[in-house]
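Worksheet for the structure shown next.
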Amino acid sequence: MPYFCSCGTKYNKIMMTKGTLYKALLVASLFLGAVSCSKHLVNKGIGDKVSETIACERNTKQSDKYVVVLSMDGFRYDYQTLAQTPNLDQIDKEGLSGKFRPCYPSLTFPNHYSMATGLYPNNHGIVGNTFWLPNGERYKLGDRKSVENPKFYFGEPIWNVARKQGLCSASYFWVGSETAVGGLQPNIWKRYNPKDSFMSRADSVISWLNRPEDVRPHLIMWYLSEPDHSGHTYGPEAKETRASIEEVDAVVGHFRKELAKLPIAGQVDFILVSDHGMAQFDYNRSVNLADYIKEEDIKHIATGPFTHIYPKQGKEKVVYESLKNIPNAKAYYKEDLPERLHFGSSDRIGKIVVVADLGAVLFFEPNLQGTYRHLTAGHGFDNKEEQMQAVFKAVGPSFEAGRIVKDAIPNITLYPLICNILELKAPKNDADDKLAKSLLKK
Ligand SMILES: [Zn+2]
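In the numbering used here, the protein residues as written are 963 to 1404.
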């Protein structure tokens, strides 16, 4: 089956010599929807449940530039001041540092996919960590079937932009990369597995940058789930969260140390981002929405600092009226949300959106009034809140040393920024190309 990849000849040879194991791997790779090269699947597939797939496509565009983007989930803009972060401090000296403003809602999935597509969540389809299609189908973080279903994802992810314009791309757990959006995925991608250690992820990225030039990805996006997890569990200012900040800093240090040994080190722009900040919950400001609305009036509800509700037909008004004057939050018909949120017209968003005041706790438990207590801190609040702001740093040949950008930069700017560095034509998006250009070295 040589049409599967450009190195088909070699592929057939391996198939003939090794038999069924490779057939099984091939079936697995097809099942995952990846156009894959058996050679690399064999290297990584055994004992790894084919968690990594590598397409054999080669770079066809001439470029001596590389971009590596690392997302540190939930790294609030000021976390560096709460811990010892020598490696991030060093990046500030050598590169540009600033703040990233998340899109609303300030949640993980919508924001990672906004950074990947340059689109607001309203426009790229991932409107929350949990939402329902008009036909009742549910998307939910953690539900592999929905997360890997391309129908939920709109827009053109940056890894596909690179591929279509002749550059290989790679992702290690970036939201949206585990499915073929518009029929295409990064050349290298992994199925989410939280057991992969942070250091091993850094080492994989280094190994990809060490591949032969013709198959070396020019764009790599990778992801760490900390300090978000610690922030939720212990609070943004807890010592455990400080330890996570320092752990992530050490991963960055390790990555940069290994990067410096590569011959292409001077050609790599390294961009660090996070998706949102973190705010302490105040359980004295808890609101059980079940005290205000009836379960039988609603079809679906997803709660949290960003709550959206899908009332049953004919019940929109009664649900809205019941929530109009609740404490510690503001309810809107989605189309009446403030313009600056760029959110509300998608048919995937519940008809009623409840925006919690910073720190307030919203939940819906008809039978357990007042007993809801899960997390110490959270996010998803209004994206203008200071504590929701995230981090943005960039170091490498395209960025000026020691430059500080004071105003928060909308995180969708990442998309045209990468396009400018890699000289890619950006598909239509919501970001400001002038702002992206202004971040680059003159
Ligand atoms: Zn997150």
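The beta carbon of each residue, even a glycine, is placed where N, CA and C say it ideally should be. Fair warning: this is a prediction, and the values are worked out from it, not measured in the lab.
#1: What does a CB cutoff of less than 8 Å around Asp-1392 pick up in its chain, not counting 5 residues either side in sequence?
#2: Is Gln-1046 helix, strand or coil when you go by DSSP?
#3: Tell me the DSSP secondary structure of Trp-1136 in three-state form.
#4: Can you give me the C-alpha to C-alpha distance between Phe-1361 and Leu-1379, rounded to a whole angstrom?
#5: With distances taken between CB atoms, is the gap from Val-1315 to His-1262 smaller than 7 Å?
#6: Buried or exposed: Glu-1301, going by 16 or more other Cβ atoms within 10 Å of its Cβ?
#7: Which runs of the beta strand (DSSP E) fall wholly inside the stretch 1200-1261 and span at least 3 residues, in chain order?
#8: Cβ of Gly-1036 within 7 Å of Cβ of Gly-1215?
#9: One question on the structure: do Ala-1291 and Ala-1322 come within less than 7 Å of each other, judged by their Cβ atoms?
#10: Please return the same chain residues whose Cβ sits closer than 7 Å to the Cβ of Asp-1309, not counting the five positions on each side in sequence.
#11: So, helix, strand or coil for Asp-1054, using DSSP?
#12: Pick out whichever of Ser-1131, Arg-1178, Glu-1297 and Pro-1359 has its Cα sitting closest to the Cα of Asp-1231.
#13: If we call anything under 7 Å between Cβ atoms a contact, is Gly-1128 one with Lys-1023?
#14: In chain order, what are the residues with a CB under 6 Å from some non-hydrogen atom of ligand 1?
#15: Does Gly-1193 come out as helix, strand or coil in the three-state DSSP assignment?
#16: Tell me, please, whether the stretch 1145-1156 touches the stretch 1113-1131 by the rule of three or more beta-carbon pairs shorter than 8 Å.
#17: Sorted by chain position, which residues of the same chain lie with C-beta nearer than 6 Å to Gly-1306's C-beta, five sequence neighbours on each side aside?
#18: Are the CB atoms of His-1180 and Tyr-1028 nearer to each other than 7 Å?
#19: If you draw a straight line from the alpha carbon of Cys-1018 to that of Ala-1132, how long is it in whole angstroms?
#20: Could you name the residues of the same chain whose beta carbon sits closer than 7 Å to that of Lys-1286, not counting the 5 residues immediately before and after it, in chain order?
#21: Do the CB positions of Glu-1140 and Glu-1175 come within less than 7 Å of each other?
#22: Shortest alpha-carbon distance to Ser-1284 belongs to which of Lys-1274, Asn-1049, Tyr-1254 and Lys-1277?
#23: Which whole-angstrom value is the C-beta distance of Leu-1324 and Leu-1221, which I expect to be below 8 Å?
#24: Whose C-beta lies closer than 6 Å to the C-beta of Ala-1388 among residues of the same chain, with five residues either side of it excluded?
#25: Return the CA-CA distance between Ala-996 and Thr-1015, expressed in angstroms with no decimal places.
#26: Using a Cβ-Cβ cutoff of less than 6 Å, which residues in the same chain neighbour Tyr-1041 once the five nearest sequence positions on both sides are dropped?
#27: Suppose you measure from the CA of Ala-1370 to the CA of Phe-1343; what does that come to, to the nearest Å?
#28: Identify whether Asp-1393 lies in helix, strand or coil by the three-state DSSP scheme.
#29: In chain order, what residues of the same chain lie with their CB nearer than 8 Å to the CB of Leu-1402, ignoring the 5 residues before and after it?
Per the coordinate set shown:
#1: Position 430 of the sequence shown holds residue 1392. Once the five neighbours on either side are set aside, the close Cβ partners of Asp-1392 are Gly-1080, Leu-1081, Tyr-1082, Asn-1085, His-1304 and Ile-1374.
#2: As a first step, residue 1046 must be located in the sequence shown, where it is residue number 84. Of the three classes helix, strand and coil, the one that applies to Gln-1046 here is coil, per DSSP.
#3: As a first step, residue 1136 must be located in the sequence shown, where it is residue number 174. DSSP places Trp-1136 in the coil class of the three-state scheme, outside both helix and strand.
#4: Walking along the sequence shown from the start, residue 1361 turns up at place 399. Walking along the sequence shown from the start, residue 1379 turns up at place 417. Here the alpha carbon of Phe-1361 sits roughly 11 Å from the alpha carbon of Leu-1379.
#5: Indexing the sequence shown from 1 puts residue 1315 at position 353. Indexing the sequence shown from 1 puts residue 1262 at position 300. No. Outside cutoff.
#6: On the sequence shown, position 339 is the one that residue 1301 refers to. Glu-1301 comes out exposed.
#7: 1230-1235 and 1248-1250
#8: Translated into the one-based positions of the sequence shown, residue 1036 becomes position 74. Translated into the one-based positions of the sequence shown, residue 1215 becomes position 253. No, these two residues do not count as a Cβ contact at 7 Å.
#9: Numbered from its first residue, the sequence shown carries residue 1291 at position 329. Numbered from its first residue, the sequence shown carries residue 1322 at position 360. Yes, the pair counts as a contact, with Cβ atoms nearer than the cut-off.
#10: Locating residue 1309 in the sequence shown gives position 347, where the first residue counts as 1. Correct list, in chain order: Pro-1096.
#11: Here residue 1054 refers to the residue found at position 92 of the sequence shown. In the three-state scheme derived from DSSP, where H, G and I count as helix and E and B as strand, Asp-1054 is classed as helix.
#12: The count along the sequence shown starts at 1 and reaches residue 1231 at position 269. Closest option to Asp-1231, Cα to Cα, is Pro-1359.
#13: Here residue 1128 refers to the residue found at position 166 of the sequence shown. Here residue 1023 refers to the residue found at position 61 of the sequence shown. Against a cut-off of 7 Å, the Cβ pair of Lys-1023 and Gly-1128 comes out as a contact.
#14: Asp-1035, Gly-1036, Thr-1070, Asp-1190, Asp-1237 and His-1238
#15: For this step, residue 1193 is matched to residue 231 along the sequence shown. Gly-1193 sits in a helix when the DSSP states are folded into three classes.
#16: When C-beta atoms of the stretch 1145-1156 are compared with those of the stretch 1113-1131, three or more pairs fall below 8 Å, so the two segments count as touching.
#17: The sequence position of residue 1306 within the sequence shown is 344, counting from 1. Cβ within range, chain order: Lys-1296, Glu-1297 and Leu-1299.
#18: Indexing the sequence shown from 1 puts residue 1180 at position 218. Indexing the sequence shown from 1 puts residue 1028 at position 66. Yes. Within cutoff.
#19: The residue labelled residue 1018 in the question sits at position 56 within the sequence shown. The residue labelled residue 1132 in the question sits at position 170 within the sequence shown. Distance between the alpha carbons of Cys-1018 and Ala-1132: 12 Å.
#20: Within the sequence shown, the letter at position 324 stands for residue 1286. Ala-1293, listed in sequence order.
#21: As a first step, residue 1140 is located in the sequence shown; it is residue number 178 there, counting from the start. As a first step, residue 1175 is located in the sequence shown; it is residue number 213 there, counting from the start. Not a contact, by the Cβ cut-off of 7 Å.
#22: As a position in the sequence shown, residue 1284 is number 322, starting the count at 1. Answer by Cα proximity: Tyr-1254.
#23: As a first step, residue 1324 is located in the sequence shown; it is residue number 362 there, counting from the start. As a first step, residue 1221 is located in the sequence shown; it is residue number 259 there, counting from the start. Incorrect: roughly 43 Å between the Cβ atoms, too far for contact.
#24: What you label residue 1388 is simply residue 426 of the sequence shown in a count that begins at 1. Taken in chain order, the residues that qualify are Pro-1378 and Cys-1381.
#25: The residue you call residue 996 lines up with position 34 of the sequence shown. The residue you call residue 1015 lines up with position 53 of the sequence shown. Because the pLDDT at Ala-996 is just 36, under 50, the model does not fix this residue reliably, and the point stays unresolved.
#26: The residue you call residue 1041 lines up with position 79 of the sequence shown. A distance below 6 Å between beta-carbons, with the five flanking residues on each side excluded, links Tyr-1041 to the following residues of its chain, in chain order: Ile-1207.
#27: Stepping through the sequence shown from its first residue, residue 1370 is reached at position 408. Stepping through the sequence shown from its first residue, residue 1343 is reached at position 381. C-alpha of Ala-1370 to C-alpha of Phe-1343: approximately 16 Å in a straight line.
#28: Looking up residue 1393 in the sequence shown gives position 431. The sequence given here has Ala at residue 1393, not Asp. Residue state, collapsed to three classes: coil.
#29: For the purposes of this step, residue 1402 is taken as residue 440 along the sequence shown, with counting starting at 1. Excluding sequence neighbours, Leu-1402 sits near Ser-1360, Phe-1361, Leu-1379, Asn-1382 and Ile-1383.
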